[in-house]
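Below you'll find the structure, written out as structure tokens, and then a few comments.
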Amino acid sequence: MTEPIREPVILYEDKHLLLVSKPQGMPSQPDPSGQVSLLQYLSDTYPQVGLVHRLDTPTGGVMVYAKSTAMTGKLAALFGDHERYEKIYLAVLSAPPAEPQGVLEDYLYHDKRQNKAFVVAPASDGSVRKGAKAAKLTYEVLATLPDGLTLVKVTLHTGRTHQIRVQFASRGCPVAGDGKYGSRVKCRFITLWAHRLTFTHPVTGETVSAESTPPADTEPWGRFTTEYL
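Per our numbering, the sequence shown runs over residues 14 to 242.
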């Protein structure tokens, strides 16, 4: 029997915005699957709720939604500049990366027909394929299990489609459960989680931060100790 999708959790709320923990398997916004999206779920309580950014359907964790049209515009502008916020993810990789910590920098090209991203190398003259965009992240290994499954903390410095998934997969350590990018580890969902989101409130000027952890009663998250989850 398939485990049902969990309920979203409100992590922070004021009169302008919401920080919500999105369950894995729930779309951020309406899509062709016909599943109830987090945007639709929130609109029952917040009629003017606005989408600011997205997480892939199989990815869980912290998202921000606006509570008015005016705030949607302000937050969209804020989240359009990666220097103005910090987004940290947790991921379980199918194998450990070459180094316990590091910076990954690539050019990524997103093929919309396949909905798949690829690392592309610059030409000898330094030019890159049309449509390819620079991608950068930093990571730190938190724990590695005897079978090679590795928990990492990832800080995104850019926000490219499937960025974490393709950058690690291109180095031989795809996210566990991510068959699209070569993982042979079987999981219900890919093990990628938006762990912490921090930004300056566009109205009050105060720092807003919320944190969400993956469900420790699901695999392979549950294989890592409570020290990390």
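Note that the Cβ used here is the ideal one computed from N, Cα and C, for glycine as well. Just so we're clear, the structure is a prediction, and the values are computed from it rather than from any experiment.
Taking only the alpha-carbon atoms, compute the straight-line gap between P40 and A130 and give it to the nearest angstrom.
Approximately 19 Å, taken between the alpha carbons.
Check whether the Cβ atoms of P71 and G115 sit closer than 8 Å, and answer yes or no.
Contact: no.
CB-CB under 8 Å to Y120, same chain, minus the five flanking residues each way: which ones, in chain order?
Cβ within range, chain order: V132, V133, A134, P135, V141, R142, A145, K146, A147 and A148.
With a CB to CB cut of under 7 Å and the five nearest residues on each side skipped, what residues in its chain are close to S46?
For S46, where only same-chain residues beyond five positions count, the Cβ hits under 7 Å are P40.
Is Y102 closer than 8 Å to H175 when the C-beta atoms are compared?
No. Outside cutoff.
Thinking C-beta only, is V105 closer than 8 Å to T204?
Taking 8 Å as the Cβ cut-off, T204 and V105 qualify as a contacting pair.
Since L64 contacts Q42 with CB under 8 Å, what's their CB separation in whole angstroms?
Their Cβ separation, rounded to whole angstroms, is 5 Å, which keeps L64 and Q42 in contact under 8 Å.
Please name the residue in L30, G74 and R67 whose C-alpha comes closest to that of P21.
Checked all of L30, G74 and R67; the closest Cα to P21 is G74.
Could you please give the first and the last residue of the uninterrupted alpha helix (DSSP H) stretch that includes K87?
It spans T82 to F92 - the alpha helix (DSSP H) in which K87 sits, taken as one unbroken run.
State buried or exposed for K199, treating a residue as buried only when at least 16 other CB atoms are found within 10 Å of its CB.
Exposed, by the Cβ-count rule.
Answer with buried or exposed for G190, where buried requires no fewer than 16 other C-beta atoms within 10 angstroms of its C-beta.
Per the 10 Å Cβ criterion, buried.
I'd like to know if the segment 80-100 and the segment 151-160 are in contact, where contact means that at least 3 CB-CB pairs between them fall below 8 Å.
No contact exists between the segment 80-100 and the segment 151-160.
Go through its chain and collect everything with a Cβ distance to D55's Cβ below 8 Å, but skip five positions before and after it.
Note on identity: in this sequence residue 55 is Leu, with Asp being the wrong assignment. For L55, where only same-chain residues beyond five positions count, the Cβ hits under 8 Å are P21, L31, V33, V62 and Y78.
Going by C-alpha distance, which of S225, E240, D230 and P215 is nearest M84?
The shortest C-alpha separation from M84 is found at P215.
For T226, which three-state DSSP category applies?
Coil.
Among the residues of its own chain, which have a CB less than 7 Å from the CB of F243, if the five just before and after it don't count?
Since the first and last residues shown for the chain are 14 and 242, residue 243 lies out of range.
Please classify P60 as buried or exposed, where buried requires at least 16 other C-beta atoms within 10 Å of its C-beta.
Exposed, by the Cβ-count rule.
Do you know whose CA, among Y25, H29, L68 and E26, lies nearest D44's CA?
Among Y25, H29, L68 and E26, the Cα nearest to that of D44 is on L68.
Check H95 in the structure and name its three-state DSSP category.
Reduced to three states, the DSSP call for H95 is helix.
Can you tell me the Cα-Cα spacing of H29 and S225, whole angstroms?
Whole-angstrom Cα-Cα distance: 20 Å.
For the segment 116-167, which segments carrying the beta strand (DSSP E) assignment without a break, of at least 3 residues, lie completely within its bounds, in sequence order?
DSSP runs (the beta strand (DSSP E)) wholly in the segment 116-167: 129-133 and 146-157.
Among D94, S222 and L52, which has the Cα closest to the Cα of T171?
Measuring from the Cα of T171, the nearest candidate turns out to be D94.
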